[in-house]
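Numbering (our numbering), first residue to last: 39 to 121.
This is the structure in structure tokens:
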């Protein structure tokens with residue numbers, strides 16, 4: 039969001055440049071936030087989305103490991119369920 043305001047740095051055409059330089063070269067102007075728009079950018083929604091994505095990735099890895107453990111257990115028991 040900082041880049042949209044013309045602040046911060048961005049990778050543009052393979053180089054790290056100031057956001058305002060990249061916007062100017064593309065013929066764009068930075069946006070000016072109205073009332074409550076700044077709050078909307080920092081209210082934590084994106085942080086919770088990021089946390090959700092990380093949790094999903096961890097859950098996916100855990101499910102894979104559980105499947106691997108189950109298959110190794112069956113292999114170790116030579117497929118005998120009652121062992």
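Ideal placement from N, C-alpha and C gives every residue a C-beta, glycine not left out.
Assign residue i to one of two classes, buried (16 or more other C-beta atoms within 10 Å of its C-beta) or exposed (fewer than that).
{"i": "residue 66", "result": "exposed"}
{"i": "residue 40", "result": "exposed"}
Run through DSSP, which three-state label would residue i get?
{"i": "residue 64", "result": "coil"}
{"i": "residue 75", "result": "helix"}
Which residues bound the alpha helix (DSSP H) around residue i?
{"i": "residue 96", "result": "83-114"}
Just reading off the beta strand (DSSP E) that residue i is part of, what are its end residues?
{"i": "residue 55", "result": "53-56"}
{"i": "residue 47", "result": "47-50"}
Less than 7 angstroms between the C-beta atoms of residue i and residue j, yes or no?
{"i": "residue 54", "j": "residue 47", "result": "yes"}
{"i": "residue 44", "j": "residue 71", "result": "no"}
{"i": "residue 80", "j": "residue 42", "result": "no"}
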